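Working notes, structure below.
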Amino acid sequence: MTSTAPETQRGQDAGDPLGEQPTSWQRRLRRFGHVSRPETPLRDRLDPPYTRPGRQVWSVLAIPPQVADRLVRWSGWGGPLLVTLVAGLLRFWRLDQPKAVIFDETYYAKDAWALVNQGYEGSWPKDVDKLILKDPSSVPIPTDPGYVVHPPVGKWIIGFGEQLFGFTPFGWRFMVAVLGTISVLLLCRIGRRLFRSTFLGCLAGLLLAVDGLHFVMSRTALLDLIVMFFVLAAFGCLVVDRDRSRRRLADALPVDDEGVLRPDARIAETLRLGWRPWRLGAGVMLGLAFATKWNGLYVLAAFGLMTVLWDVGARRTAGAAKPYMAVLRRDLIPAFLSTVPVAIVTYIVSWTGWIVTDKGYYRNWAATEGKGSSWGWLPDWLRSLWHYENQVYDFHVGLTSGHTYESNPWSWLVLGRPVSYFYEEQTGCKESSTGKCAAEVLAIGTPLLWWLACFALAYVVWRWLFRRDWRAGAIACGVAAGWVPWFFYQERTIFLFYAVVFVPFLCLAVTMLLGAIVGPAAGTGARADLGLTSKDPTGERRRTLGAIAAGVLVLLIIWNFIYFWPLFTGTSIPEDLWRDRMWLDTWV
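Structural data, given as structure tokens:
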């Protein structure tokens, strides 16, 4: 059976030409686990093939070769779709429960309803939530503009679900649940492309499907899950663009008399990679993320740098003597134009409702308070929007009022302080020794998954630094882009659920670690330091034990998700059982 472990992918970027002696710094790094890259055909390094299950699997299952080949072809989409189906059933099951306006739904559900009906957010009266739950048709949409501190895309999306299913809990949660479900499919396909393994791709999607924070956010009308969706979609676009550009380079390189692809410095440094629509798509997705919440702007910067470095690696692998100079001349400007301006235009377009209605908050600032400005040559709507954005920025950086569930980003990975979205206590509960039952929606990741992710991130960083694995670098970039910026605003009131933006990358990190635990299959280009060959019983035994260990970890994560299910869904349970699930004092 061919390997599904990340260790054996044949398409890692080679920083040095084949056969070149290791540099002095590489020799020094060997004490930390650095190994020289095995000699791999150039085409496989530029355009690595996907792994395929060995014939032994089909023989054991008594499946004919023709049927096996058909199943392999279908598994690329069939496996991810099956995982997505499971995720969708979980997320849509009793989506309207609890029948309440939970946590910040009190802002976004109402703003979305006003936005889709009149083009701008209204100023809602206080204590209107109970009336909405009782009879939404009796609650008029306020025409006075409301002061909102987030861009409109996420609210447009929430509002679309309200247009379909009404101004109800199911309506305002519907589209978030759709995006949460689709994000599982995206991660399956992205993981498959990253690791060149359908099995590992589906495993990454399965981990996302059973993560508690992603699950809760998929069933709540907040903006952060929507940001996560667009960030993940942008990442997927860039990964596809990377594959296509490297394939184009491989197709342009010369082939020797023996049919072997050879590096060529001239081609590697001068070839124009042409039209790259997937990079444009990434620009649009990042613009939509930024137009949902501003933290998407940091992801835009991180992903922009990442895709340029991918181009450097591709040209170096193809034989460029000066890959950075080649990218500077051929790729840097197109990369910038296809992401940053596209994202900015997308952001501005997202404000169309506020612009054309002429009634939104601060919409007429340029014609009143801002009249006579030296920037008067700009359109009034643009100057008013700029003023609005400045006011919103001041609000965000100055938001230091305390909150019961605020947390420092240092504590996020260990789930130091989750957020209670909903809590209801019932008396007269005979099943409980205290006579009480509790129903809660707690925004917390599946603990065993997140705690394992701490070790997985350490492994990913090690593999990036000492094995020069581009996939590890990409995963680390996704986590850093969603997490690190919050360390600059530690005085601000921030919450654990902001971390949902980088949860898919945590799942990829855990998948990479589990793949390494399983180890490479014998006789498939395994690492020499493991000594795995087709006739090595020790290697087969090691792989068997690794598969058992990885399988046990996955089953424990699934069990942990099931165990915390009542806290994810607001299911009423005896108070004794509720307290049993408060593993840390800070969770209460």
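In my numbering, the protein residues as written are 6 to 593. Just so it is clear, CB atoms sit at the ideal spot from N, CA and C, and this is done for glycine as well. Computed from a prediction, not measured in an experiment: that's the story for all the values here.
In chain order, what residues of the same chain have a beta carbon less than 7 angstroms from the beta carbon of residue i, not counting five sequence neighbours either side?
i	result
Lys540	Because Lys540 carries a pLDDT of 47, less than 50, the predicted location of this residue cannot be relied on, and the following value inherits that uncertainty. Cβ neighbours of Lys540 beyond the five flanking positions: none.
Tyr303	Ala486 and Pro490
Phe500	Tyr410, Glu411, Ser412 and Val424
Ser438	Asp581
Ala307	Cys482, Ala485 and Ala486
Phe2	Residue 2 lies beyond the range of the chain shown here (6 to 593); nothing can be said about it.
Leu558	Leu457 and Leu519
Val465	Ala477, Ile480, Ala481, Ala514 and Met517
Val397	Val154
Gly575	Gln102, Pro103, Phe427, Ala444, Glu445 and Val446
Val354	none
Ser406	Thr498
Ile163	Tyr113, Ala114, Ala117, Trp177, Met180, Val181 and Ala226
Leu191	Leu237, Ala238 and Gly241
Gln26	With a pLDDT of 48 at Gln26, under the threshold of 50, the predicted position of this residue should be treated as unreliable, though the coordinate-derived value follows. No residues qualify anywhere along the chain.
Arg48	Ala255 and Leu266
Trp469	Ala477, Gly478 and Ala481
Using a Cβ-Cβ cut-off of 6 angstroms (strictly less than) and excluding sequence neighbours within five positions of residue i, which residues of its own chain qualify?
i	result
Tyr428	Glu445
Trp315	Arg247
Leu404	Arg497 and Thr498
Asp336	Asp316
Gly159	Leu228, Ile231 and Thr297
Tyr366	Pro150 and Tyr152
Glu110	Ala226
Gly301	Val232, Ala294 and Phe295
Ala371	Asp385, Arg388 and Ser389
Cys512	Ala209, Leu212 and Leu213
List the residues that DSSP assigns as beta-bridge partners of residue i.
i	result
Ile338	Its beta-bridge partners do not exist; DSSP assigns none.
Ser425	Leu447
Pro150	Gly127
Val260	Leu266
Gln431	Cys442
Pro579	Cys442
Using the rule of at least 16 other Cβ atoms within 10 Å of the residue's Cβ for burial, across every protein chain shown, is residue i buried or exposed?
i	result
Lys298	buried
Asn413	exposed
Arg178	buried
Val260	exposed
Asp216	buried
Asn395	exposed
Tyr152	exposed
His219	buried
Ser223	buried
Ile553	exposed
Trp382	exposed
Ser250	buried
Trp455	buried
Ser188	buried
Thr549	exposed
Gly84	buried
If you drop the 5 nearest sequence neighbours on each side, which residues of the same chain put their C-beta closer than 8 angstroms to that of residue i?
i	result
Gly433	Gly440
Gly309	Ala340, Phe341, Thr344 and Val345
His408	Thr498 and Phe500
Val593	Met587
Original post:
Counting pairs of Cβ atoms below 8 angstroms between the region 83-100 and the region 422-439, do you hit three or more?
Top reply: Contact fails between the region 83-100 and the region 422-439, because fewer than three Cβ pairs, one in each stretch, are under 8 angstroms apart.
Original post:
Can at least three beta-carbon pairs, one atom from the region 226-238 and one from the region 174-190, be found at a separation below 8 angstroms?
Top reply: Proximity of the region 226-238 to the region 174-190 meets the contact definition, three or more beta-carbon pairs being nearer than 8 angstroms.
**OP:** Could you tell me whether the region 304-324 touches the region 467-482, using the rule of 3 or more Cβ pairs below 8 angstroms?
**Re:** Taking 8 angstroms as the limit for Cβ pairs, the verdict is that the region 467-482 does touch the region 304-324.
Subject >> Any 3 or more C-beta pairs closer than 8 angstroms across the region 486-497 and the region 194-214 >> reply: Segments in contact, no.
Original post:
Counting pairs of beta carbons, one from the region 321-329 and one from the region 264-284, are three or more of them closer than 8 angstroms?
Top reply: With a cut-off of 8 angstroms, the region 264-284 and the region 321-329 count as touching, because enough Cβ pairs lie within range.
Original post:
In chain order, which beta strand (DSSP E) runs of at least 3 residues are fully inside the region 445-512?
Top reply: Listed in chain order, there is nothing to give.
Original post:
Just checking, does the region 459-469 make contact with the region 371-378 on the three C-beta pairs under 8 angstroms criterion?
Top reply: Flag = no, the region 459-469 and the region 371-378 do not touch.
Original post:
Which full runs of the alpha helix (DSSP H) of 4+ residues lie inside the region 158-218, going along the chain?
Top reply: The qualifying runs are 158-170, 174-200 and 203-214.
**OP:** May I ask you to verify whether the region 381-393 touches the region 556-567, counting CB pairs closer than 8 angstroms and requiring at least 3?
**Re:** Too few Cβ pairs lie closer than 8 angstroms, so no.
Subject >> the region 192-207 contacting the region 160-169, beta-carbon criterion three pairs below 8 angstroms >> reply: Between the region 192-207 and the region 160-169 there are fewer than three C-beta pairs closer than 8 angstroms, too few to call the two in contact.
Original post:
What runs of the alpha helix (DSSP H), each 4 residues or longer, lie entirely inside the region 53-107?
Top reply: Runs of the alpha helix (DSSP H) inside the region 53-107: 60-65 and 70-97.
**OP:** Determine, using beta-carbon pairs with one atom in the region 283-292 and one in the region 348-362, whether at least three such pairs fall under 8 angstroms.
**Re:** Per the Cβ contact rule, the region 283-292 is in contact with the region 348-362 (3 or more Cβ pairs under 8 angstroms).
**OP:** Take every Cβ of the region 70-79, pair it with every Cβ of the region 113-124, and state whether three or more of those distances are shorter than 8 angstroms.
**Re:** No, they do not touch.
Original post:
Taking one C-beta from the region 250-264 and one from the region 273-280 each time, how about it: are there three or more such pairs within less than 8 angstroms?
Top reply: Touching, yes, given that three or more Cβ pairs across the two stretches are closer than 8 angstroms.
Subject >> Whole alpha helix (DSSP H) elements within the region 379-403, 4-residue minimum >> reply: Secondary structure within the region 379-403: the alpha helix (DSSP H) runs of 4 or more consecutive residues, fully enclosed, are 385-402 (chain order).
Original post:
If you scan the region 291-371 from start to end, which runs of the alpha helix (DSSP H) of 4 or more residues do you find wholly inside it?
Top reply: DSSP runs (the alpha helix (DSSP H)) wholly in the region 291-371: 301-322, 328-335, 337-354 and 357-362.
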